[in-house]
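To start, the structure under review is shown below, and the notes come after it.
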Amino acid sequence: MAQLTMIQAITDAMRTELKNDENVLVFGEDVGKNGGVFRATEGLQKEFGEERVFDTPLAESGIGGLAIGLALTGYRPVMELQFFGFLFEVMDSVNGQAARMSFRSAGKLNAPITIRSPFGGGVATPEMHADSLEGLVAAQPGLKVVIPSTPYDAKGLLISAIKDENPVIFLEHMKLYRSFRQEVPEEEYTIPLGKADVKREGTDLSIITYGAMVQESLKAAEALEKDGHSVEVIDLRTIQPLDVETIIASVEKTNRAIVVQEAQRQAGIAANVVSEIMERAVLSLEAPVLRVTAPDTIYPFAQGENTWLPKADDIVATAKKVLEF
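Position in the sequence shown counted from 1, then plus 10, gives you the numbering used here.
Here's what the structure looks like:
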(Lines of atoms letter the chains of each structure in order from A; the text may use other names.)
(Lines give C-alpha, C1' and ligand atoms only; values in the text may rest on other atoms or scores of the structure.)
Protein backbone atom coordinates (compact mmCIF):
# COMPACT_ATOMS: atom_id res chain seq x y z
CA MET A 11 0.00 0.00 0.00
CA ALA A 12 1.39 3.39 -0.96
CA GLN A 13 2.52 5.92 1.65
CA LEU A 14 0.94 9.21 0.51
CA THR A 15 0.79 12.77 1.72
CA MET A 16 -2.63 14.39 1.89
CA ILE A 17 -2.08 16.29 -1.36
CA GLN A 18 -1.12 13.03 -3.12
CA ALA A 19 -4.20 11.31 -1.70
CA ILE A 20 -6.40 14.13 -2.99
CA THR A 21 -4.86 13.87 -6.46
CA ASP A 22 -5.37 10.11 -6.34
CA ALA A 23 -9.05 10.56 -5.46
CA MET A 24 -9.64 12.85 -8.45
CA ARG A 25 -7.71 10.53 -10.77
CA THR A 26 -9.80 7.59 -9.56
CA GLU A 27 -13.11 9.31 -10.26
CA LEU A 28 -11.96 10.75 -13.60
CA LYS A 29 -11.24 7.15 -14.61
CA ASN A 30 -14.49 5.76 -13.23
CA ASP A 31 -16.97 8.37 -14.42
CA GLU A 32 -16.68 10.21 -17.76
CA ASN A 33 -19.00 12.93 -16.44
CA VAL A 34 -16.47 14.06 -13.83
CA LEU A 35 -14.76 17.32 -14.86
CA VAL A 36 -11.98 19.13 -12.96
CA PHE A 37 -11.48 22.85 -13.47
CA GLY A 38 -10.29 26.05 -11.83
CA GLU A 39 -7.53 28.64 -11.93
CA ASP A 40 -4.23 27.10 -13.12
CA VAL A 41 -5.35 23.50 -12.47
CA GLY A 42 -4.49 22.33 -16.01
CA LYS A 43 -0.91 22.43 -17.27
CA ASN A 44 0.40 23.96 -14.02
CA GLY A 45 -1.38 21.38 -11.83
CA GLY A 46 -2.80 23.95 -9.41
CA VAL A 47 -1.11 26.27 -6.95
CA PHE A 48 -0.38 23.34 -4.60
CA ARG A 49 -0.04 20.75 -7.43
CA ALA A 50 -3.22 18.92 -6.39
CA THR A 51 -4.15 18.36 -10.05
CA GLU A 52 -0.62 17.75 -11.34
CA GLY A 53 -0.61 15.39 -14.31
CA LEU A 54 -4.39 15.08 -14.58
CA GLN A 55 -4.75 17.24 -17.72
CA LYS A 56 -2.03 15.26 -19.49
CA GLU A 57 -3.75 11.99 -18.50
CA PHE A 58 -7.37 12.93 -19.18
CA GLY A 59 -7.16 15.76 -21.71
CA GLU A 60 -8.00 19.45 -21.87
CA GLU A 61 -11.74 18.82 -22.19
CA ARG A 62 -11.96 17.14 -18.79
CA VAL A 63 -9.25 18.99 -16.80
CA PHE A 64 -9.04 22.64 -17.76
CA ASP A 65 -8.13 26.15 -16.68
CA THR A 66 -10.66 28.90 -16.12
CA PRO A 67 -10.26 32.69 -16.09
CA LEU A 68 -9.38 34.34 -12.76
CA ALA A 69 -13.04 34.87 -11.93
CA GLU A 70 -14.42 32.87 -9.00
CA SER A 71 -18.02 33.90 -9.63
CA GLY A 72 -17.72 32.60 -13.20
CA ILE A 73 -16.26 29.30 -12.00
CA GLY A 74 -19.23 28.85 -9.68
CA GLY A 75 -21.74 29.63 -12.41
CA LEU A 76 -20.01 27.22 -14.78
CA ALA A 77 -20.19 24.47 -12.15
CA ILE A 78 -23.94 24.96 -11.72
CA GLY A 79 -24.59 24.90 -15.45
CA LEU A 80 -22.55 21.74 -15.92
CA ALA A 81 -24.21 20.02 -12.98
CA LEU A 82 -27.66 20.73 -14.40
CA THR A 83 -26.69 19.14 -17.72
CA GLY A 84 -25.48 15.84 -16.29
CA TYR A 85 -21.86 16.45 -15.35
CA ARG A 86 -20.16 16.09 -11.98
CA PRO A 87 -18.04 19.25 -11.67
CA VAL A 88 -15.05 19.29 -9.31
CA MET A 89 -14.14 22.97 -9.14
CA GLU A 90 -11.10 24.32 -7.33
CA LEU A 91 -11.42 27.58 -5.43
CA GLN A 92 -7.76 28.55 -5.30
CA PHE A 93 -7.95 29.78 -1.67
CA PHE A 94 -11.03 29.71 0.54
CA GLY A 95 -10.52 33.36 1.39
CA PHE A 96 -11.84 34.00 -2.15
CA LEU A 97 -15.21 32.50 -1.12
CA PHE A 98 -16.87 35.91 -1.05
CA GLU A 99 -16.48 36.21 -4.85
CA VAL A 100 -18.46 33.00 -5.42
CA MET A 101 -20.85 33.15 -2.46
CA ASP A 102 -23.99 33.65 -4.55
CA SER A 103 -23.31 30.62 -6.73
CA VAL A 104 -22.53 28.43 -3.70
CA ASN A 105 -24.95 29.58 -1.01
CA GLY A 106 -27.55 31.35 -3.10
CA GLN A 107 -27.90 28.95 -6.03
CA ALA A 108 -26.29 25.47 -5.73
CA ALA A 109 -27.38 24.89 -2.14
CA ARG A 110 -31.03 25.63 -3.02
CA MET A 111 -31.29 23.68 -6.27
CA SER A 112 -32.96 20.55 -4.91
CA PHE A 113 -35.32 22.51 -2.65
CA ARG A 114 -36.48 25.02 -5.27
CA SER A 115 -37.12 22.25 -7.84
CA ALA A 116 -38.95 19.94 -5.40
CA GLY A 117 -36.15 17.40 -5.79
CA LYS A 118 -36.32 17.31 -9.61
CA LEU A 119 -32.89 18.91 -10.01
CA ASN A 120 -29.65 18.29 -8.15
CA ALA A 121 -26.32 20.07 -8.11
CA PRO A 122 -23.66 17.34 -7.63
CA ILE A 123 -20.80 19.85 -7.37
CA THR A 124 -17.63 19.33 -5.37
CA ILE A 125 -15.93 22.57 -4.40
CA ARG A 126 -12.34 21.92 -3.32
CA SER A 127 -10.36 24.65 -1.61
CA PRO A 128 -7.24 25.03 0.56
CA PHE A 129 -7.57 26.99 3.79
CA GLY A 130 -6.03 27.30 7.23
CA GLY A 131 -3.06 28.90 8.91
CA GLY A 132 0.49 28.11 9.91
CA VAL A 133 2.14 28.35 6.49
CA ALA A 134 2.72 32.12 6.36
CA THR A 135 0.39 33.00 3.50
CA PRO A 136 -0.58 36.58 2.54
CA GLU A 137 -3.76 38.21 3.81
CA MET A 138 -7.08 36.55 2.73
CA HIS A 139 -5.39 33.16 2.11
CA ALA A 140 -5.56 31.43 5.51
CA ASP A 141 -8.92 32.37 7.03
CA SER A 142 -11.11 29.62 8.45
CA LEU A 143 -14.46 30.57 6.87
CA GLU A 144 -16.11 27.17 7.18
CA GLY A 145 -18.75 28.60 9.50
CA LEU A 146 -20.13 30.71 6.64
CA VAL A 147 -20.90 27.67 4.48
CA ALA A 148 -21.78 25.27 7.30
CA ALA A 149 -24.58 27.66 8.25
CA GLN A 150 -26.19 27.29 4.80
CA PRO A 151 -28.81 24.49 4.56
CA GLY A 152 -28.32 22.43 1.42
CA LEU A 153 -24.53 22.29 1.62
CA LYS A 154 -22.36 19.53 3.05
CA VAL A 155 -18.99 20.64 4.44
CA VAL A 156 -16.10 18.18 4.74
CA ILE A 157 -12.67 18.77 6.32
CA PRO A 158 -10.27 15.79 6.35
CA SER A 159 -7.32 15.53 8.75
CA THR A 160 -5.39 12.57 7.28
CA PRO A 161 -4.39 11.33 3.80
CA TYR A 162 -6.53 8.16 4.16
CA ASP A 163 -9.60 10.17 5.12
CA ALA A 164 -8.94 12.73 2.38
CA LYS A 165 -9.12 10.18 -0.44
CA GLY A 166 -12.18 8.33 0.88
CA LEU A 167 -14.08 11.50 1.73
CA LEU A 168 -13.28 13.24 -1.58
CA ILE A 169 -14.51 10.25 -3.58
CA SER A 170 -17.71 10.30 -1.51
CA ALA A 171 -18.06 14.02 -2.17
CA ILE A 172 -17.70 13.59 -5.94
CA LYS A 173 -20.30 10.80 -5.94
CA ASP A 174 -22.76 12.77 -3.79
CA GLU A 175 -25.87 14.19 -5.46
CA ASN A 176 -25.64 17.42 -3.44
CA PRO A 177 -23.11 20.27 -3.42
CA VAL A 178 -20.18 19.49 -1.12
CA ILE A 179 -17.57 21.95 0.15
CA PHE A 180 -14.31 20.04 0.56
CA LEU A 181 -11.80 22.05 2.59
CA GLU A 182 -8.12 21.07 2.66
CA HIS A 183 -5.93 22.48 5.41
CA MET A 184 -2.71 23.76 3.82
CA LYS A 185 -0.53 22.80 6.78
CA LEU A 186 -1.62 19.16 6.39
CA TYR A 187 -0.90 18.92 2.66
CA ARG A 188 2.65 17.61 3.10
CA SER A 189 3.11 17.35 6.88
CA PHE A 190 3.01 13.53 7.09
CA ARG A 191 2.39 10.36 5.10
CA GLN A 192 -0.06 7.52 5.64
CA GLU A 193 -0.93 4.25 3.96
CA VAL A 194 -3.63 4.87 1.34
CA PRO A 195 -5.21 2.07 -0.77
CA GLU A 196 -4.70 2.33 -4.51
CA GLU A 197 -8.23 1.21 -5.28
CA GLU A 198 -11.44 3.18 -4.91
CA TYR A 199 -12.97 3.37 -1.42
CA THR A 200 -15.39 5.74 0.24
CA ILE A 201 -15.88 7.16 3.72
CA PRO A 202 -19.47 8.21 4.49
CA LEU A 203 -20.09 11.94 4.67
CA GLY A 204 -21.52 13.00 8.01
CA LYS A 205 -19.70 10.30 9.98
CA ALA A 206 -17.11 11.27 12.60
CA ASP A 207 -14.12 9.14 13.54
CA VAL A 208 -12.70 8.28 16.95
CA LYS A 209 -9.02 9.00 16.33
CA ARG A 210 -8.07 8.00 19.89
CA GLU A 211 -10.04 6.11 22.55
CA GLY A 212 -10.25 7.48 26.11
CA THR A 213 -12.39 7.47 29.24
CA ASP A 214 -11.76 10.74 31.14
CA LEU A 215 -12.37 13.53 28.61
CA SER A 216 -13.62 13.97 25.03
CA ILE A 217 -11.83 16.38 22.71
CA ILE A 218 -14.07 17.11 19.71
CA THR A 219 -12.34 18.79 16.79
CA TYR A 220 -11.60 18.77 13.03
CA GLY A 221 -8.97 19.69 10.43
CA ALA A 222 -5.45 20.59 11.56
CA MET A 223 -6.61 20.78 15.16
CA VAL A 224 -6.95 16.97 15.16
CA GLN A 225 -3.18 16.67 15.11
CA GLU A 226 -2.80 19.30 17.85
CA SER A 227 -5.45 17.51 19.92
CA LEU A 228 -3.67 14.17 19.56
CA LYS A 229 -0.45 15.82 20.79
CA ALA A 230 -2.40 17.23 23.74
CA ALA A 231 -3.92 13.82 24.49
CA GLU A 232 -0.44 12.28 24.61
CA ALA A 233 0.75 14.99 27.01
CA LEU A 234 -2.30 14.51 29.24
CA GLU A 235 -1.75 10.76 29.29
CA LYS A 236 1.62 11.34 30.98
CA ASP A 237 -0.32 12.98 33.82
CA GLY A 238 -2.61 9.95 34.08
CA HIS A 239 -5.58 11.22 32.03
CA SER A 240 -7.24 9.05 29.38
CA VAL A 241 -8.43 11.36 26.58
CA GLU A 242 -10.66 10.51 23.62
CA VAL A 243 -10.20 12.50 20.39
CA ILE A 244 -13.17 12.76 18.01
CA ASP A 245 -12.44 13.94 14.46
CA LEU A 246 -15.69 15.34 13.07
CA ARG A 247 -14.48 14.96 9.44
CA THR A 248 -17.81 16.48 8.28
CA ILE A 249 -18.90 19.67 10.04
CA GLN A 250 -22.21 19.88 8.18
CA PRO A 251 -24.08 17.66 8.89
CA LEU A 252 -22.63 16.89 12.31
CA ASP A 253 -22.39 13.31 13.53
CA VAL A 254 -24.25 14.09 16.73
CA GLU A 255 -24.63 10.40 17.61
CA THR A 256 -20.84 9.86 17.89
CA ILE A 257 -20.37 13.11 19.81
CA ILE A 258 -23.01 12.24 22.39
CA ALA A 259 -21.85 8.63 22.76
CA SER A 260 -18.35 9.89 23.58
CA VAL A 261 -19.56 12.51 26.07
CA GLU A 262 -21.80 9.97 27.81
CA LYS A 263 -18.72 7.75 28.20
CA THR A 264 -16.24 10.36 29.44
CA ASN A 265 -18.65 12.85 31.10
CA ARG A 266 -16.34 15.77 30.22
CA ALA A 267 -15.66 17.53 26.93
CA ILE A 268 -13.85 20.37 25.22
CA VAL A 269 -14.31 21.48 21.61
CA VAL A 270 -11.33 22.70 19.57
CA GLN A 271 -11.39 24.73 16.36
CA GLU A 272 -8.82 26.84 14.50
CA ALA A 273 -11.44 29.43 13.58
CA GLN A 274 -12.31 32.40 15.75
CA ARG A 275 -14.49 31.76 18.81
CA GLN A 276 -17.50 33.50 17.21
CA ALA A 277 -17.28 31.40 14.04
CA GLY A 278 -19.86 28.85 15.07
CA ILE A 279 -18.85 25.19 14.62
CA ALA A 280 -17.58 24.70 18.17
CA ALA A 281 -20.55 26.64 19.54
CA ASN A 282 -22.90 24.37 17.60
CA VAL A 283 -21.22 21.24 19.01
CA VAL A 284 -21.49 22.62 22.55
CA SER A 285 -25.19 23.35 21.98
CA GLU A 286 -25.84 19.79 20.81
CA ILE A 287 -24.11 18.41 23.91
CA MET A 288 -26.08 20.69 26.23
CA GLU A 289 -29.40 19.77 24.62
CA ARG A 290 -28.81 16.01 24.54
CA ALA A 291 -26.31 15.04 27.24
CA VAL A 292 -26.27 17.72 29.93
CA LEU A 293 -27.16 15.21 32.66
CA SER A 294 -24.04 13.20 31.78
CA LEU A 295 -21.69 16.13 32.35
CA GLU A 296 -19.52 16.50 35.43
CA ALA A 297 -18.00 19.83 34.28
CA PRO A 298 -18.80 22.67 31.87
CA VAL A 299 -17.96 22.12 28.20
CA LEU A 300 -15.18 24.56 27.23
CA ARG A 301 -13.81 25.70 23.87
CA VAL A 302 -10.30 26.23 22.49
CA THR A 303 -10.39 28.65 19.54
CA ALA A 304 -8.56 31.49 17.89
CA PRO A 305 -9.41 34.94 19.29
CA ASP A 306 -12.18 37.06 17.77
CA THR A 307 -9.94 39.21 15.59
CA ILE A 308 -9.22 39.46 11.89
CA TYR A 309 -6.70 36.78 10.87
CA PRO A 310 -3.23 38.24 11.60
CA PHE A 311 -0.37 38.81 9.21
CA ALA A 312 2.07 35.90 8.90
CA GLN A 313 4.45 37.29 11.53
CA GLY A 314 1.77 36.90 14.19
CA GLU A 315 -0.07 33.73 13.24
CA ASN A 316 1.94 31.34 15.46
CA THR A 317 0.84 33.38 18.46
CA TRP A 318 -2.75 33.61 17.21
CA LEU A 319 -3.40 29.97 16.27
CA PRO A 320 -4.54 27.46 18.94
CA LYS A 321 -1.84 24.95 19.87
CA ALA A 322 -1.49 21.71 21.83
CA ASP A 323 -0.42 23.62 24.97
CA ASP A 324 -3.66 25.65 24.84
CA ILE A 325 -5.67 22.44 24.55
CA VAL A 326 -3.83 20.87 27.49
CA ALA A 327 -4.46 23.93 29.67
CA THR A 328 -8.19 23.97 28.87
CA ALA A 329 -8.48 20.20 29.31
CA LYS A 330 -6.98 20.46 32.80
CA LYS A 331 -9.58 23.08 33.77
CA VAL A 332 -12.33 20.64 32.81
CA LEU A 333 -10.64 17.59 34.36
CA GLU A 334 -10.00 19.42 37.65
CA PHE A 335 -13.42 21.11 37.85
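All residues carry an ideal CB built from backbone N, CA and C; glycine is no exception.
Query: Under the three-state DSSP convention, the category K209 falls into; Result: strand
Query: Three-state secondary structure assigned by DSSP to D163; Result: helix
Query: For M111, three-class secondary structure by DSSP; Result: helix
Query: Opposing strand residues paired with V156 [DSSP bridges]; Result: F180, T248
Query: Residue range of the beta strand (DSSP E) that includes I217; Result: 215-219
Query: Beta-carbon proximity list for P87, same chain, < 6 Å, skipping 5 on both sides; Result: L35, A77, L80, A81, I123
Query: Contacts around V133, its chain only, beta-carbon distance under 8 Å, and the 5 residues preceding and following it disregarded; Result: A140, M184, K185
Query: Segment contact flag, the region 294-301 with the region 148-164, C-beta cutoff 8 Å, min 3 pairs; Result: no
Query: From G84, K29, A281, residue whose alpha carbon lies closest to that of V63; Result: K29
Query: From A12, I325, R25, residue whose alpha carbon lies closest to that of I172; Result: R25
Query: C-alpha distance - H239 paired with V261, whole-angstrom precision; Result: 15 Å
Query: Whole-angstrom C-beta distance between A206 and T256, which should lie under 8 Å; Result: 4 Å
Query: Exposure label - S83; buried when at least 16 CB within 10 Å; Result: A small fix is needed here, since residue 83 is Thr in this sequence, not Ser. Result: exposed.
Query: Expected contact under 8 Å - CB spacing of L14 and V194 to nearest Å; Result: 4 Å
Query: Beta-carbon proximity list for L91, same chain, < 8 Å, skipping 5 on both sides; Result: G38, E70, I73, L97, V100, I125, R126, S127
Query: When A222, F94, P202, V47 are compared against L143, the one with the closest alpha-carbon; Result: F94
Query: For V243 and R210, the rounded distance between their alpha carbons; Result: 5 Å
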